[in-house]
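This report refers to the structure that appears directly beneath it.
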């Protein structure tokens, strides 16, 4: 495997190259950097390419991409609507449902 990295740097005093990776030493001025890699990729010795792609089964129980995306968006809209409702009413959702919160445990010592 032979790779050759070519780097074109506008201001060579403020940038260096190391194996195709650019290290900018000073970032006070705007610089334009173009990096190109040429060569062919070969697999290491003893490694073979897969013979065929795996067969993916159909999703079960309704867990498909579109349904999950729609469900997550509906949950986000509901969550922010709840935050807006609590902000407008100046009460929490439990207080709006009639549950008394924040009064502590009524026990005497």
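Residue numbers (the working numbering): 1117 to 1225. We put the CB at the ideal spot given by N, CA and C, even for glycine.
Mapping the DSSP letters down to three states, classify residue i as helix, strand or coil.
i            : result
residue 1191 : helix
residue 1151 : strand
residue 1182 : helix
residue 1196 : helix
residue 1213 : coil
residue 1162 : coil
Going by the beta-carbon positions, is the gap between residue i and residue j smaller than 9 Å?
i            : j            : result
residue 1204 : residue 1211 : no
residue 1165 : residue 1172 : no
My understanding is that residue i touches residue j, with C-beta atoms under 8 Å, so please give their C-beta distance in whole angstroms.
i            : j            : result
residue 1208 : residue 1202 : 6 Å
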